[in-house]
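Here's the structure, in C-alpha cells; my notes come after.
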Amino acid sequence: MMHIPDKFNYNEDFSDILKQFDEMLTLERAKYFDVEIFTEIINYLIDTNQKEKAKQALKIGLKQHPNAEELILKDAQFSIITQNFKRAKNILKDLLNTNKADAEIYYYLGKLQLATDKLNKAIRYFDAALTLAEIDEKISLLYMITDDLMDKGEYHSAVNYLHQVLEIDQYDFEALIDLGTCYKELNQISQAIEEFDKYLDRDPFNEMIWHQLGNLYEYKNDTKMALDAYEFAAAIEPEYASAYFSIALIYSRDEQYDKAINYLEELISHEGKNLHAYFYLAESYYQTGQKDQAMLNFEKTLSLDPDFADAWFGIGEIYYDENKITESLVYVRKAIKIDPEEPLFWLRLATIQQSMKYLTYAVKSYKKVIKLDPFDEKARVHLAECHFELKEYKETIELCETALETFRDPAFYYLWGAALVENDELTEGLNKIESGLKKDKEAFNNFVYFYPKILSFDAVKKLVNLYEGL
Numbered sequence: 001m002m003h004i005p006d007k008f009n010y011n012e013d014f015s016d017i018l019k020q021f022d023e024m025l026t027l028e029r030a031k032y033f034d035v036e037i038f039t040e041i042i043n044y045l046i047d048t049n050q051k052e053k054a055k056q057a058l059k060i061g062l063k064q065h066p067n068a069e070e071l072i073l074k075d076a077q078f079s080i081i082t083q084n085f086k087r088a089k090n091i092l093k094d095l096l097n098t099n100k101a102d103a104e105i106y107y108y109l110g111k112l113q114l115a116t117d118k119l120n121k122a123i124r125y126f127d128a129a130l131t132l133a134e135i136d137e138k139i140s141l142l143y144m145i146t147d148d149l150m151d152k153g154e155y156h157s158a159v160n161y162l163h164q165v166l167e168i169d170q171y172d173f174e175a176l177i178d179l180g181t182c183y184k185e186l187n188q189i190s191q192a193i194e195e196f197d198k199y200l201d202r203d204p205f206n207e208m209i210w211h212q213l214g215n216l217y218e219y220k221n222d223t224k225m226a227l228d229a230y231e232f233a234a235a236i237e238p239e240y241a242s243a244y245f246s247i248a249l250i251y252s253r254d255e256q257y258d259k260a261i262n263y264l265e266e267l268i269s270h271e272g273k274n275l276h277a278y279f280y281l282a283e284s285y286y287q288t289g290q291k292d293q294a295m296l297n298f299e300k301t302l303s304l305d306p307d308f309a310d311a312w313f314g315i316g317e318i319y320y321d322e323n324k325i326t327e328s329l330v331y332v333r334k335a336i337k338i339d340p341e342e343p344l345f346w347l348r349l350a351t352i353q354q355s356m357k358y359l360t361y362a363v364k365s366y367k368k369v370i371k372l373d374p375f376d377e378k379a380r381v382h383l384a385e386c387h388f389e390l391k392e393y394k395e396t397i398e399l400c401e402t403a404l405e406t407f408r409d410p411a412f413y414y415l416w417g418a419a420l421v422e423n424d425e426l427t428e429g430l431n432k433i434e435s436g437l438k439k440d441k442e443a444f445n446n447f448v449y450f451y452p453k454i455l456s457f458d459a460v461k462k463l464v465n466l467y468e469g470l
C-alpha cells in the first residue's frame, strides 16, 4: 500500500507526539514510537524544513524498525531532498529487488531522476508508479508528480498528468487551476481559457473558476471578458470578496476611480475587515481628490494593521499635497521604518529634505533610492541638483556623465553644463547646454526655475536666444 503524505494536516494529538519526540531528543532518552508515528513525524519535519531533526528522526526510527519499508522510503526521500543522490539510488534499488510491485518505489525513482535533470527517465518511472498504484491512490500520486514537475519548471509534462486527474475526476477544480498555471507559464493562455470554458460547461456555478477565468482574461489583456467573468463570480456568490476586489483593481488601473470605489465599498459591506479593500478605497479617493475620505480610509487601514507601510505613506502624501511638510515627514519616516526597502518612500523623503534645503541628508536619501531602484531617472536628476546646490561641481559632472550613458533627460545636460560654467569651463559648459537644447529646448525653462543665475551669463543667454528663434 502506497503512503500518501498529508501535508500540514496535524491535530492536537500529533502536537503531543511532537512534544514527546522533542523531549526524547533533549533528554537523550529513548522512547518507542511505531512506524506510522515515525513516518508522520518525519513527514512533518520535512514539510517544515527541519532537516537536522528529520535526519535524527530517521536514524532513531530505523534503529527501532530496521526493516520498515515506509521508513526506508523516507530515508530515500530525505536523501533526494538533501541531494545525496547516490545514497537515494542505492536505497531504492535495494527496495526494488525485494518488491517490484510497489508504486511508491517507482515514484521516488522518478523523483530522483527528476532531481538529477533526467526528465525522460523520470517520466518512465512516474508512469510505472501510476500503472502499479491502486485506483484510490492514483489522484494523490498524480498530484505529487505534477507538484514535482511544476517545481522543476517542467510545465509541458505536468499538463499531461493534470489531464489524467481530470479524466478521473472531471470536477477536480484544483487540478484545473494548476492546469491554468501551467498554461500561463507556457504562455498558452488561449488553451487555458479553453480548458476553463470546458469545465464551466460541466459546473457553471463555480464562482472560483469564474474568478480564475477572469484572471486569465486579464493576463491576456482582455479587460471586457475579465470583467464579465468577475461579474459572474459575484453574481453566483454575492459575498465572494475576490471578485469585487478584482473588478475594483481593473477600474483603478484604468483610472475609473469612481467605479473602483463602488466595488470596494460593496466588498467592505460583505467583509468589513478587509485590510486591502480599505487601502485601495483610500487610494481611489485620493486619486479623485477626495482627501478627507482618503485620510479616513488610510486610518481605517492602520486600525486593522498598524504596520501597513503604504497607508502611513498615503497619509504622508496627503499632508505633502497640503504643503504640511513637517507632518508629511513624520508619516513618510514611519513608512520607511516599517519598510526600508521601498524606493518610493525614500524618494519622497529625499524630495522633502531637498525642499527644506537639508541637502546633505537629501543626497543620502537619493542615493538610497538609486541603490534600491537603479533605473529611477528622477532620483538621479535630483541627486545631481543637490550636488550642484552644494557647489559640488565635480560630483555633479561625474553623475550627469554617467547618467547619460543610460538615461536621456535633458536636465542632465543643463546641470552638467551649468557645473562646467561655474567651474570656469565656459566653452565646454556651453556645449553641454547646447546638447540639452537640441534634445528639448522647452525643458530649459524648468532648469531656469531651478537655477535662475544661468541666464546671468551672457554667452548662455545668447545661445538660448539663438535656439528660441528656431
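With the working numbering applied, the sequence shown closes on residue 470, and no number is skipped along the way. Note that beta-carbon positions come from the ideal geometry of N, C-alpha and C, so glycine has one too.
Cβ-Cβ separation between S284 and Y240: approximately 20 Å, too far for a contact (criterion under 8 Å).
At a Cβ-Cβ threshold of 8 Å, G429 and Y413 do not count as neighbours.
Distance from the CA atom of S140 to the CA atom of D75, rounded to whole angstroms, is 21 Å. The Cβ atoms of L71 and F38 sit closer than 8 Å to each other. Per DSSP, M356 is not a residue of any alpha helix (DSSP H), being assigned neither H nor E. For the pair L249 and L275, the CB atoms are not nearer than the 8 Å cut-off.
DSSP, reduced to helix, strand and coil, places Q191 within a helical segment of the structure shown. The shortest C-alpha to C-alpha distance from N120 to any of N97, N90 and A158 is the one to A158. Taken atom to atom, the span from the alpha-carbon of K93 to that of T26 is near 35 Å. In this structure, T301 and Y278 form a Cβ contact; the two beta carbons are roughly 4 Å apart against a cut-off of 8 Å. Straight through space, the alpha carbons of D409 and E442 are spaced by roughly 12 Å.
Looking only at E377, D307, K394 and E299, the smallest Cα-Cα distance to L404 is reached by E377.
Taking C-beta separations shorter than 7 Å and ignoring five residues to either side along the sequence, the partners of K220 in its chain run I189, following chain order. Taking a contact as a CB-CB distance under 8 Å, the pair E195 and L179 counts as one, their CB atoms being some 6 Å apart. The Cβ atoms of Y230 and D203 do not sit closer than 8 Å to each other. Distances from the alpha-carbon of K111 to those of Q83, T131 and N99 put Q83 closest. Here A226 is actually not in contact with E237; their C-beta atoms are around 17 Å apart, not less than 8 Å. Scanning the stretch 129-170 for uninterrupted alpha helix (DSSP H) segments of 4 residues or longer gives 135-151 and 155-168, listed from N- to C-terminal end. With distances taken between CA atoms, I397 lies nearest to L420 out of L420, Q64 and D127. The straight-line gap separating the alpha-carbon atoms of Q164 and I145 is approximately 11 Å.
Secondary structure of E398 (DSSP, three-state): helix. Under the three-state reduction of DSSP, D310 is assigned to helix. Boundaries of the alpha helix (DSSP H) around K59: K51 to Q64. Burial state of D307 is exposed, judged by a 10 Å Cβ sphere holding fewer than 16 other Cβ atoms. In the assembly as shown, H156 is an exposed residue. Its beta-carbon has fewer than 16 other beta-carbons within 10 Å. Secondary structure note for I250: its alpha helix (DSSP H) is the uninterrupted segment A241 to R253.
Here G272 carries a coil assignment [DSSP, helix/strand/coil]. Annotation: the stretch 201-237 contains the following complete segments of the alpha helix (DSSP H) (minimum length 4 residues), in chain order: 207-219 and 223-236. If you draw a straight line from the Cα of D201 to the Cα of E134, it comes to about 30 Å.
Taking every protein chain shown into account, the CB of R253 has fewer than 16 other CB atoms within 10 angstroms, so this residue is exposed.
Of the residues assessed, M150 falls on the buried side of the cut-off, its CB having 16 or more other CB atoms within 10 angstroms.
In this chain, the alpha helix (DSSP H) harbouring F412 covers A411 to E422. In its chain, beyond the 5 residues on either side, L45 have a beta carbon closer than 7 Å to the beta carbon of K53.
Annotation: the continuous alpha helix (DSSP H) that includes I37 extends over V35 to D47.
The alpha carbon of A88 has as its nearest neighbour, out of A101, Y106 and K100, the alpha carbon of Y106.
Of the other Cβ atoms in all chains shown, fewer than 16 fall within 10 Å of the Cβ of F205; this residue is therefore exposed.
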